[in-house]
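A.B. asks: Just passing along the structure, written as structure tokens.
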Amino acid sequence: MQYIRKDGLGMGPEEVPPKLELRFDGEKIYAEVSERSLALLSKGYGQLDKESGIIVYNAVEALYLLENKMASVLSGSSNMTFNELLRALEGKSETLWRDYVIYRDLRNRRYTVKEGFSRELTFRVFERGEFQKEAAKYLIAPLSEGKSVKLSKIKHLLSICRSLKKDMVISVVDRRNEVVYYLASQVDLKNV
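Here you go:
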């Protein structure tokens with residue numbers, strides 16, 4: 001993609017594309033529709049709200065864009081730092097940091113990641129290059145190291161994934177914020 005300067009000339013390789021300007025009103029994070037926001041939308045960042053004509057970003061998307069200097073976040077008239085935005089959003093979700101670590105890891109591995117269907121199936125992950133061409137292949141069930149989960153819960157989540165024709169991936173975040181992924185599947189031992 002080539003970015004166009006105001007004078008109409010293309011940008012050279014040493015020039016940086018403009019940052020997306022996000023707004024945080026205490027409830028939602030959003031941006032006006034622009035060339036930059038549409039370019040990021042095509043890469044899986046944000047969701048177009050057709051009623052209001054803005055693009056809305058979830059917490060982990062905004063944190064990722066801010067951390068990677070692809071966007072700035074304005075609250076009122078001041079720019080927020082990553083830590084300020086994180087503190088402002090932490091009260092809305094007790095699992096925000098864990099979810100962000102998983103989102104960041106998947107994005108850094110070049111996957112397109114969108115919101116999932118529930119708190120337990122937090123993310124939908126698309127195969128590389130398949131976003132907007134195919135449905136998501138994976139549903140991510142995040143866990144934190146040291147927290148117990150009942151096997152019946154995993155079995156229930158697995159049955160939901162199977163009914164949606166998705167592969168379930170359990171992602172475990174350890175104490176060092178490293179993520180380990182496990183592909184979960186149900187085995188019928190009667191036919192083995």
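Just so we're aligned: 22 in UniProt numbering is position 22 of the sequence shown, and the numbers increase by one with no gaps anywhere.
C-beta: ideal position from N, C-alpha, C; glycine also.
This one's a predicted model, so the numbers in the text were calculated from it and none came from an experiment.
Applying the criterion that 16 or more other CB atoms from any shown protein chain within 10 Å of the CB defines a buried residue, is Asp99 buried or exposed?
C.D. replies: buried
A.B. asks: On the CB-based measure, 16 or more other CB atoms within 10 Å of its CB, does Ser42 come out buried or exposed?
C.D. replies: exposed
A.B. asks: Are the CB atoms of Glu67 and Tyr45 within a distance shorter than 8 Å?
C.D. replies: no
A.B. asks: Just how far apart, CA to CA, sit residue 218 and Asn108?
C.D. replies: Residue 218 is absent from the structure shown; the chain starts at 1 and stops at 192.
A.B. asks: If you run the structure through DSSP and keep just helix, strand and coil, what is Ala62?
C.D. replies: helix
A.B. asks: Is it true that the stretch 149–161 meets the stretch 114–131, where meeting means three or more beta-carbon pairs spaced less than 8 Å apart?
C.D. replies: For the pair of segments examined, the stretch 149–161 was found to touch the stretch 114–131: the number of CB pairs separated by less than 8 Å reaches three.
A.B. asks: Starting from Leu143, trace the alpha helix (DSSP H) both ways and give me its first and last residue.
C.D. replies: Not the alpha helix (DSSP H): Leu143 falls in the beta strand (DSSP E), residues Tyr138 to Ser144.
A.B. asks: Hey, how far is the Cα of Lys69 from the Cα of Thr81?
C.D. replies: 11 Å
A.B. asks: Let me confirm a value: Gly116 is counted as buried when at least 16 other C-beta atoms fall within 10 Å, else exposed. Which label applies?
C.D. replies: The residue is buried, with at least 16 neighbouring Cβ atoms inside 10 Å.
A.B. asks: Near Leu183, which residues of its chain fall below 7 Å by C-beta distance, leaving aside the five closest residues on each side in sequence?
C.D. replies: Scanning its chain for C-beta atoms nearer than 7 Å, with the 5 sequence neighbours on each side dropped, one finds around Leu183 the residues Asp167 and Val169, in chain order.
A.B. asks: Run through DSSP, which three-state label would Tyr181 get?
C.D. replies: strand
A.B. asks: Nearest CA to the CA of Glu35: which residue from Glu145, Val101, Asp49 and Lys19?
C.D. replies: Looking from the CA of Glu35, the closest CA among Glu145, Val101, Asp49 and Lys19 belongs to Lys19.
A.B. asks: Taking all protein chains shown into account, do 16 or more other C-beta atoms lie within 10 angstroms of the C-beta of Ala135, making it buried, or fewer, making it exposed?
C.D. replies: The residue in question, Ala135, is exposed, as its Cβ has fewer than 16 Cβ neighbours within 10 Å.
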